[in-house]
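Same order as they appear, the protein sequences are chains A and B.
Here the first sequence is numbered in this note's numbering, starting from 529 and rising by one per residue.
Here the second sequence is numbered in this note's numbering, starting from 907 and rising by one per residue.
Glycine included, every Cβ here is placed at the ideal spot set by N, Cα and C.
Step one of this worksheet: look at the structure below.
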Amino acid sequence: MRLKLFIWRQKNATDKGHMEKYQVDDVLEDMSFLEMLDVLNEKLILEGKEPVAFDHDCREGICGACSLTINGIPHGHEKATTTCQLHMRKFKDGDSIYIEPFRAKAFPVIKDLVVDRSAFERIMQAGGFISINTGNAIEANALPISKKNADLAMDAAQCIGCGACVAACPNGAAMLFVSAKVSQFALLPQGQPERKRRVLSMVGQMEKEGFGACTNFYECEAACPKQIPVRFIAMMNRDYLCSRVTEPVEA
Amino acid sequence: MILDSKIPSGPLKDKWDKHKFEMKLINAANKRKYKAIVVGTGLAGASAAASLAELGYVVEAFTYNDSPRRAHSIAAQGGINAAKNYPNDGDSIWRLFYDTVKGGDFRAREGNVYRLAQVSNNIIDQCVAQGVPFAREYGGLLDNRSFGGAQVSRTFYARGQTGQQLLLGAYSALSRAIGKKQVTMYNRKEMLDIVIIDSKARGIVTRDLINGKIESFWADAVILATGGYGNVFFLSTNAQACNVTASYRAYKKGALFANPCYTQIHPTCIPLSGEHQSKLTLMSESLRNDGRIWVPKNKGDKRKPNEIPEEERDYYLERKYPSFGNLAPRDISSRSAKEVCDEGRGVSATGFGVYLDFADSINRLGKKVIEERYGNLFEMYERIVGEDPYKTPMMIYPASHYTMGGLWVDYNLMSTIPGLHILGEANFSDHGANRLGASALMQGLADGYFVIPYTIGDYFARNKFDKVNIDHPEFKKTESEVIEKTNKLLSIKGKKTPTMFHRELGEVMWEFCGMGRNEAGLKKALELVPKIREEFWQNLTITGEGNDLNISLEKAGRVADFLEFAEVLLWDALERDESCGAHFREEHQYPDGEAKRDDEHFAHVAAWEYRGVGNKPVRHIEPLEFENVQLAVRSYK
Chain A
529 MRLKLFIWRQ KNATDKGHME KYQVDDVLED MSFLEMLDVL NEKLILEGKE
579 PVAFDHDCRE GICGACSLTI NGIPHGHEKA TTTCQLHMRK FKDGDSIYIE
629 PFRAKAFPVI KDLVVDRSAF ERIMQAGGFI SINTGNAIEA NALPISKKNA
679 DLAMDAAQCI GCGACVAACP NGAAMLFVSA KVSQFALLPQ GQPERKRRVL
729 SMVGQMEKEG FGACTNFYEC EAACPKQIPV RFIAMMNRDY LCSRVTEPVE
779 A
Chain B
907 MILDSKIPSG PLKDKWDKHK FEMKLINAAN KRKYKAIVVG TGLAGASAAA
957 SLAELGYVVE AFTYNDSPRR AHSIAAQGGI NAAKNYPNDG DSIWRLFYDT
1007 VKGGDFRARE GNVYRLAQVS NNIIDQCVAQ GVPFAREYGG LLDNRSFGGA
1057 QVSRTFYARG QTGQQLLLGA YSALSRAIGK KQVTMYNRKE MLDIVIIDSK
1107 ARGIVTRDLI NGKIESFWAD AVILATGGYG NVFFLSTNAQ ACNVTASYRA
1157 YKKGALFANP CYTQIHPTCI PLSGEHQSKL TLMSESLRND GRIWVPKNKG
1207 DKRKPNEIPE EERDYYLERK YPSFGNLAPR DISSRSAKEV CDEGRGVSAT
1257 GFGVYLDFAD SINRLGKKVI EERYGNLFEM YERIVGEDPY KTPMMIYPAS
1307 HYTMGGLWVD YNLMSTIPGL HILGEANFSD HGANRLGASA LMQGLADGYF
1357 VIPYTIGDYF ARNKFDKVNI DHPEFKKTES EVIEKTNKLL SIKGKKTPTM
1407 FHRELGEVMW EFCGMGRNEA GLKKALELVP KIREEFWQNL TITGEGNDLN
1457 ISLEKAGRVA DFLEFAEVLL WDALERDESC GAHFREEHQY PDGEAKRDDE
1507 HFAHVAAWEY RGVGNKPVRH IEPLEFENVQ LAVRSYK
């Protein structure tokens, strides 16, 4: 396969950045999208040029590191698939492919295709946990949990924290990410003692980080490589509202 | 050098309790006067950092990823073992202990393994309390399954993403501690060296992966939880960034490296498709429950699998191991696959693949049942290979997956450098020569949640610590060494990329030190590796600057260490002149192909001491004593 690539190059956080055109000729359909970029990078290094920087690690769709916007869609057009699991057989010989970073106000570009997603870290630190010290736990089977709730919690817990939901949202909202974590714990008895405080403080942090608001585009669900459904956003909104009116505001 | 394992005396069952009582304690109010550095934030690192912070110690944690949640523990699929015996099928701490020692082919310490089995139950409690959504029965209680050939069902799981859920649990605990300012978290910082002052580990030197800044951090103890070295084979199921640098730097500073030749090969991975390939993807071993493994009977049979009639297929595992068949243990199925491919009967584009065929199961159970059991795996396979495994048999081939070897540690998880503790896959201690399925997650979390929080306190209490800070000459010296190395890498300006050298190294290691090893091959590899290394330092090219995010520089530093470390691995494989577990020396096997141990000469841990680049390291021995189990031959006929 021969492809024309248009790749976002940006020297650093303060550089304006631009699209640059590359021609790659010996792309095989068995390559993953990132392996195709590896081939380009090897070529660039041998030509004395700087390789394209992009985040990646596990290359099996679970670590959440890879984060490219391919032809305008976070992780590309293949449904329920991370960039690292997207393969070149999904493209055609002669295609032009536009590769950009995940774009969002809260995800500033660090270099080329690498963005800073530390806002997610701070949201997690604000409340994405159950406060239990090591050694405090009760016997695991002393707390039966309905299979239905456990399964639903698992649906939410599958989130890989990649940020595609934010990049896909016209508002740059992080509602799907935050609601997945909030709902996982809200569905489980272990999560109840801190339920109200958690949703208030995670949502509070989300707003501080500059993520937009949800206006029901549902683009997040469409882009999510783990197919996390938007009903978790509804769940979180309900939880947030209830908590807002019943939880005393902390000083 | 005498390697003192510090295993407590007394009956096996009481060792850990006795040890916990005998350890010195640090008063609650004094804990904040001690600082620990944790490098790596996978299961072992994140759980350790959080647990130590909860106790009141000052903790600084480091990862080269953009978030602690990306560590490769996240990719573990199958599950985590514990001796809860919920299914009432005869499991016990003793049985888990015994299975682990036996599975490790009697090359692990009894004391360590027994403790691991003991705390396994606490891990499940802890994870459930954190909100880890393990699979449950309709009655609301936890579900278990049998895994990796175990005769009891002791594996807890969260769909096919157990590693992810456990890591996110540990990450949530870590996030809580970071939010409370009990842990200072440094993302995108890679440890490049360790600093020893007055023979104690007192800090690390890191490179900031965004701006290239070389920085020092001091502490009273350093914990490495930096994973395994499977990427020495270039292609493995490890993540791209997994590397040996942290462990290898510690080794160069005097920590001994134990049993590096124990590297586990996983039998069911998607085969290589070409030179561009960057990693091998593991398919859960559970597939072997319903798939039948075969290759064509005739060499070079290029027909499509469905065109090959039944009588021209060789179901070689069923033929050779009638009672275990397709479920033969990992090492045996891996070697058998290699054997048939070496005979020229392999399938896939490269000839290195075998079929895993579900046609019979689909006929017997219906497509729906197979879809329920393996739907997500079939989907993943189709995405990568582009073929539908419901219609065409899957192709699989073994790949490097896990490394049992690692830095030598005593019962307190401390290396031969005082204050330097090693956790998780990075240490060598619990799996012997072969790790059982669903035991890696167990060990990582045992070390982090339930061992190091006790033993590090004892270390602090028994030692005096001079005040140091990063202006100490040792830090300055180490920093300049790191800077010098970085500059050297940048200045070579040759003609080959870091990846090219890594691939070359991997090919040599896989060929001569992979699934099967022999004296001639290992000696050959010991000649080839130094040549690749020599060329690396003359003909490497990397572009970009040192003071910038520079992916080729990062890679080059890691490859440089792999090129030195590979020799240690080869020496270990050569001098362990027996077969045991995953270490298969072709000279030593039973007629049925099972590994033939030599307990008289090799019932010991081999720990290697650094003696300069290119020089043969010194082999030290820690004898293994078995007081509670009888050494037996593993048989899977």
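CA-to-CA distance, D997 of chain B to Q1024 of chain B, given in whole angstroms
12 Å
Quick test of the definition: if touching needs 3 or more C-beta pairs under 8 Å, does the region 973 to 989 of chain B touch the region 1335 to 1354 of chain B?
yes
What's the call for K1203 of chain B, buried or exposed, on a 16-neighbour Cβ count within 10 Å?
exposed
With DSSP as the reference, please indicate the residues paired to R1341 of chain B in a beta bridge.
Paired residue(s): none; R1341 of chain B is not in a bridge.
Rounded to the nearest angstrom, what separates P629 of chain A and K571 of chain A at their Cα positions?
21 Å
Among the residues of its own chain, which have a CB less than 7 Å from the CB of Q1088 of chain B, if the five just before and after it don't count?
A959, V965
Taking the C-alpha atoms as reference points, what is the distance between H1182 of chain B and A1145 of chain B?
16 Å
Per DSSP, what kind of secondary structure is T1384 of chain B in: helix, strand or coil?
helix
Assuming G1338 of chain B and G1206 of chain B are in contact, meaning their beta carbons sit under 8 Å apart, how far apart are those beta carbons, in whole angstroms?
Wrong, their Cβ atoms sit about 40 Å apart, outside the cutoff.
Measure from the C-beta of Y970 of chain B to each C-beta in chain A and report whether the shortest distance is under 7 Å.
no
What distance in whole Å lies between the Cβ atoms of L1329 of chain B and A1083 of chain B, which are believed to be in contact at a cut-off of 8 Å?
About 17 Å separates the two Cβ atoms, so there is no contact after all.
Limits of the unbroken beta strand (DSSP E) element including E628 of chain A:
624 to 629
Short of 7 Å in beta carbon distance, which residues of its chain neighbour F745 of chain A, apart from the five on each side in sequence? Order them along the chain.
C697, P698
What is the C-beta distance between R537 of chain A and D640 of chain A, in whole angstroms, given that I count them as a contact (C-beta under 8 Å)?
6 Å
Output needed in chain order: residues of the region 705 to 718 of chain A with a Cβ under 9 Å from some Cβ in chain B.
K709, Q712, F713, L715, L716, Q718
Anything in chain A within Cβ reach of E1043 of chain B, meaning under 7 Å, just list it in chain order.
K675
Per the DSSP calculation, D1547 of chain B is bridged to which residue(s)?
Nothing about residue 1547 of chain B can be read from this structure; chain B reaches only from 907 to 1543.
Rounded to whole angstroms, what is the Cα-Cα separation between K930 of chain B and D923 of chain B?
13 Å
Assuming P993 of chain B and N1050 of chain B make a contact with CB atoms under 8 Å, what is their CB distance in whole Å?
5 Å
Which of the three DSSP states is assigned to N1117 of chain B in this structure?
coil
Report the neighbours of L556 of chain A on chain B: residues whose CB is nearer than 7 Å to its CB, in chain order.
G1180, H1182
Compile a chain-ordered list of the residues in the region 962 to 987 of chain B whose CB is closer than 7 Å to at least one CB of chain A.
N971, D972, S973, R975, R976, H978, I980, A981
Beta-carbon within less than 8 Å of K1095 of chain B's beta-carbon, same chain only, minus the 5 sequence neighbours each way: which residues are those?
F968, T969, Y970, T1112, R1113, D1114, L1115, E1121
For I1176 of chain B and G1231 of chain B, what's the separation of their Cα atoms in angstroms?
20 Å
Contacting positions in the region 1093 to 1109 of chain B - beta carbon closer than 8 Å to chain D:
Reference to chain D is not applicable here, since the protein chains of this structure are A and B.
S1335 of chain B beta carbon less than 7 Å from that of A1161 of chain B:
no
Thinking C-beta only, is G1292 of chain B closer than 7 Å to R530 of chain A?
no
Apart from the five residues on each side of it in sequence, which residues of its chain come closer than 8 Å, Cβ to Cβ, to L1233 of chain B?
G1055, R1194, N1195
Whose Cβ in chain B lies nearer than 7 Å to the Cβ of C586 of chain A?
H978, I980, A981, A1145
Span of the beta strand (DSSP E) holding W536 of chain A?
531 to 537
Within 10 angstroms of its Cβ, does S624 of chain A collect 16 or more other Cβ (buried), or is it exposed?
exposed
Taking Cβ-Cβ distances shorter than 8 Å, what residues in chain A pair up with R1051 of chain B?
Correct list: empty, because the minimum Cβ distance to chain A is about 15 Å.
Comparing alpha-carbon positions, which option in B:A1041, B:G1085, B:Y1360 lies nearest A654 of chain A?
B:G1085
For the structure I just gave you, are there three or more beta carbon pairs, one from the region 1276 to 1285 of chain B and one from the region 1240 to 1253 of chain B, closer than 8 Å?
no
Output the distance between the C-alpha atoms of M652 of chain A and I638 of chain A, rounded to the nearest integer angstrom.
21 Å
What do you reckon, are the CB atoms on Q712 of chain A and A681 of chain A nearer than 7 Å?
yes
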